[in-house]
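The structure under discussion appears below in the form of structure tokens.
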Amino acid sequence: MQYHTPFEQLSDQRPSPLRSDPEKVLRDVFGYEAFRPLQGDIIAEVVAGRDALVLMPTGGGKSLCYQVPALVRPGTAIVISPLIALMQDQVAALEELGVKAAFLNSTMDFEQARATEQALLTGELDLLYCAPERLTQPRTLDLLHKATLSLFAIDEAHCVSQWGHDFRSDYLQLGLLAEEFPDVPRIALTATADERTRTEIAERLSLNEARHFVSGFDRPNIQYRITAKTNANKQLLDFIKAEHEGDCGIVYCLSRNKVEATARLLTDQGFTALPYHAGLSPEDRAHHQDRFLREDGIIIVATIAFGMGIDKPDVRFVAHLDLPKSLEAYYQETGRAGRDGKPSTAWMVYGLQDVIKLRQMLEASQGNDHFKRVERQKLDAMLGLCEVTKCRRQVLLSYFGDQLEEPCGNCDTCLTPPETWDGTVAVQKALSCVYRTGQRYGVTYLIDVLRGSDNERLRQSGHHAISTFGIGTDLSANDWKSVFRQLVANGFLRADPEGFGSLQLTEQCRPLLKGEQAIRLRKDPVLKKVRYRAASSRRSAALDSISDQTGWEALRACRKSLAEQQGVPPYVIFHD
Ligand code: ADP
Ligand code: MG
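Pasting the structure below:
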């Protein structure tokens with residue numbers, strides 16, 4: 001059987017076993033550092049050649065569930081997708097990552113289709129996207145029988161259900177894949193989660209043996225808490241002594257030195273704490289991991305190198321002394337707590353220096369501009385979680401496309417609501433500005449419009465003449481950054497999926513823009529700290545050396561007064 005991955009095409013080297021590791025594909029090809037909830041399990045299932053039925057909220061990350069196995073398994077993956085536009089977008093995105101992908105649909109002329117078919121037969125393609133009506137044509141089936149196939153992915157699988165509103169008769173034909181290709185694993189994916197649709201999908205696609213992966217992302221037994229960093233060591237000791245004396249836990253730090261120092265600190269205080277990082281010998285690492293798994297009450301102090309594939313059920317707390325790079329990483333790391341379903345704590349201290357450090361690492365990293373832009377957005381979303389005023393669990397889950405109806409009542413923001421200000425009018429202005437400029441611009445530009453900045457780019461776009469120009473002079477640029485970041489964090493705005501940084505409105509905005517909903521924004525306690533630091537003579541040189549691209553400098557600057565919000569008319573932009 002022919003074996004090919006994008007690495008070989010790029011590097012011209014023989015495939016090594018490591019290259020077929022899903023984690024490595026995730027990092028090296030897609031540039032993500034951690035799997036989202038369930039992705040790892042689903043991918044393992046499909047890589048092993050078994051069928052799967054995946055129900056995951058929109059935005060949850062279903063595509064990777066077949067794209068990663070497509071690169072790990074030999075042969076070409078056939079992806080059935082109902083919308084031509086979707087197909088083209090995905091193929092373009094994959095090509096940009098260096099993955100060999102193509103599509104077959106009705107927009108192509110004979111020559112193009114021929115070339116693609118040829119590429120399939122010669123095994124050049126990692127993925128081939130195909131419209132359902134095309135796939136079930138005898139000519140295509142014949143072709144598929146001659147090719148080496150890694151898997152079938154049936155995206156938007158609810159289209160096969162007559163209960164659903166998206167029923168597509170072409171999808172019904174896909175049942176034949178089970179008979180025609182009994183040895184090729186099939187994965188069906190949908191965001192439509194109700195039981196009836198799920199059963200119908202499994203029946204019509206003959207997914208009799210398939211394991212069902214149903215993800216809501218909520219981990220109700222984990223309590224989420226994020227506190228401003230004052231004296232991290234003392235805070236950590238207080239936390240463990242007060243709540244988790246004798247419990248098993250994980251403490252995450254960013255650097256090896258800090259891991260060592262923290263492990264010593266805990267040991268000095270009578271805890272059994274073991275360090276774990278890439279600088280230790282493989283023997284030491286294995287030994288520490290082994291003790292953590294077998295003994296009671298061990299605290300492992302680790303860099304993010306620790307935890308992949310660790311399945312210890314009774315981890316009672318996960319503490320972060322440094323900010324993770326993204327919500328995916330935060331979710332994954334905190335998710336190692338409480339697998340047994342018993343109450344557990346995800347505790348974190350967070351300070352300005354963390355943001356600076358991560359930002360520096362990001363800027364110094366090898367990635368191209370696109371990669372860095374995406375990373376900055378991820379870091380901003382992580383900051384967003386730190387800054388929220390509403391339920392942290394709701395914010396975390398909504399990032400993964402999962403809605404929690406009621407505030408959880410158990411996270412720190414639910415238990416001790418933070419200080420806030422009435423941001424209703426500011427938010428209406430911000431959202432109107434996004435709308436009036438066509439949902440095509442990033443934060444910096446939007447703030448220029450709001451604050452009525454006089455610059456060339458604005459004049460060229462004609463945006464100095466629109467109604468939202470200059471309506472935001474009452475807040476500083478940094479205040480606006482904080483407003484926008486909280487809007488993203490709370491799901492009112494979303495960053496474009498391509499990672500160009502432009503902000504788009506979500507459905508959730510409506511009531512805000514119609515003046516039907518008020519919103520309170522967080523006064524971040526960290527800001528007070530920052531003011532102190534900025535005045536300090538020992539202020540870090542790092543502060544000056546980093547450009548102000550992302551939201552973190554909002555943390556750095558002193559805020560102007562946020563009073564005088566009364567009396568401004570709401571900016572209503574939606575008309576039904
Ligand atoms: P779905 O099909 O479930 O609606 P997508 O597959 O389109 O979701 O993914 C939604 C977004 O999440 C995409 O921008 C994707 O790049 C991102 N994403 C998916 N998995 C991960 C991950 N493990 N880490 C970071 N981002 C991810
Ligand atoms: Mg999708």
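Everything in the sequence shown is counted per full-length UniProt numbering, starting at 1 for the first residue and increasing by one.
Note that CB positions come from ideal geometry on N, CA and C, so glycine has one too.
Keep in mind it's a predicted model, so treat the numbers as computed, not measured.
I'd like the span of the alpha helix (DSSP H) that includes residue i, first residue to last.
{"i": "V395", "result": "392-399"}
{"i": "C433", "result": "424-436"}
{"i": "I240", "result": "232-243"}
{"i": "T192", "result": "Counting along the chain, T192 falls outside any alpha helix (DSSP H), and DSSP gives it neither H nor E."}
{"i": "I43", "result": "39-47"}
{"i": "T262", "result": "256-268"}
{"i": "A286", "result": "282-294"}
{"i": "P69", "result": "62-72"}
{"i": "P511", "result": "510-513"}
{"i": "A329", "result": "327-334"}
{"i": "I447", "result": "443-450"}
{"i": "Q223", "result": "Segment 222-228 is the beta strand (DSSP E) holding Q223; no alpha helix (DSSP H) there."}
{"i": "A178", "result": "176-180"}
{"i": "R494", "result": "R494 -> not in any alpha helix (DSSP H); beta strand (DSSP E) instead, spanning 493-495."}
Using a 10 Å radius around the Cβ and a threshold of 16 neighbouring Cβ atoms, would you call residue i buried or exposed?
{"i": "P313", "result": "exposed"}
{"i": "R264", "result": "exposed"}
{"i": "R376", "result": "buried"}
{"i": "L83", "result": "exposed"}
{"i": "Q90", "result": "buried"}
{"i": "Q231", "result": "One point to set straight first is that residue 231 is Asn, not Gln, in the sequence displayed. It is exposed - the Cβ of N231 has fewer than 16 other Cβ atoms within 10 Å."}
{"i": "L431", "result": "buried"}
{"i": "L293", "result": "exposed"}
{"i": "K241", "result": "exposed"}
{"i": "N455", "result": "exposed"}
{"i": "M361", "result": "exposed"}
{"i": "R522", "result": "buried"}
{"i": "D290", "result": "exposed"}
{"i": "A188", "result": "buried"}
{"i": "A286", "result": "exposed"}
{"i": "T192", "result": "buried"}
{"i": "G491", "result": "buried"}
{"i": "R67", "result": "Inspection of the sequence shows that residue 67 is occupied by Gln rather than by Arg. The residue in question, Q67, is buried, as its Cβ has 16 or more Cβ neighbours within 10 Å."}
{"i": "residue 577", "result": "It is not possible to answer for residue 577, since the shown part of the chain is limited to 1 through 576."}
{"i": "N257", "result": "exposed"}
{"i": "S536", "result": "With a pLDDT of 28 at S536, under the threshold of 50, the modelled position of this residue cannot be trusted, and the question is left open."}
{"i": "H370", "result": "exposed"}
{"i": "R359", "result": "buried"}
{"i": "R198", "result": "buried"}
{"i": "H320", "result": "buried"}
{"i": "D544", "result": "Here D544 scores only 29 on pLDDT, less than 50, and its place in the model should not be relied on; the value that follows carries that caveat. Exposed, by the Cβ-count rule."}
Following the continuous beta strand (DSSP E) through residue i, name the residue where it begins and the one where it ends.
{"i": "H320", "result": "317-320"}
{"i": "T345", "result": "344-350"}
{"i": "I299", "result": "298-302"}
{"i": "F213", "result": "211-214"}
{"i": "G384", "result": "No beta strand (DSSP E) contains G384, which is instead part of the alpha helix (DSSP H) from 369-387."}
{"i": "Q504", "result": "503-505"}
{"i": "I250", "result": "249-252"}
{"i": "I519", "result": "Unbroken run through I519: none, as it is neither H nor E."}
{"i": "L55", "result": "52-55"}
{"i": "P22", "result": "Counting along the chain, P22 falls outside any beta strand (DSSP E), though it belongs to the alpha helix (DSSP H) covering 22-28."}
{"i": "L274", "result": "272-276"}
{"i": "T76", "result": "76-80"}
Closer than 8 angstroms to a non-hydrogen atom of the ligand ZN - does that hold for the CB of residue i?
{"i": "S63", "result": "Only the ligand ADP and the ligand MG can be found as ligands here, which leaves the ligand ZN out of the picture."}
- Counting pairs of Cβ atoms below 8 angstroms between the region 65-84 and the region 193-207, do you hit three or more? no
- Query: Do the region 32-40 and the region 209-218 meet, that is, are 3 or more Cβ pairs less than 8 angstroms apart?
  - Reply: yes
- Is there contact here, the region 430-444 with the region 459-476, by at least three beta-carbon pairs under 8 angstroms? yes
- Item | the region 316-323 contacting the region 241-251, beta-carbon criterion three pairs below 8 angstroms | yes
- Uninterrupted alpha helix (DSSP H) stretches inside the region 92-167 (no shorter than 4 residues): 110-121, 132-135, 138-146
- Message: Would the region 263-281 count as touching the region 325-337 if we require 3 or more Cβ pairs under 8 angstroms?
- Response: no
- Message: For the structure I just gave you, are there three or more beta carbon pairs, one from the region 255-274 and one from the region 384-393, closer than 8 angstroms?
- Response: no
- Item | Stretch pair the region 406-417 + the region 512-519: three plus CB contacts closer than 8 angstroms | no
- Does the region 19-28 come close enough to the region 177-194 that 3 or more CB-CB pairs lie under 8 angstroms? no
- Message: Would the region 393-410 count as touching the region 357-374 if we require 3 or more Cβ pairs under 8 angstroms?
- Response: no
- Touching by the beta-carbon criterion (3+ pairs, under 8 angstroms), the region 141-149 and the region 120-127: yes
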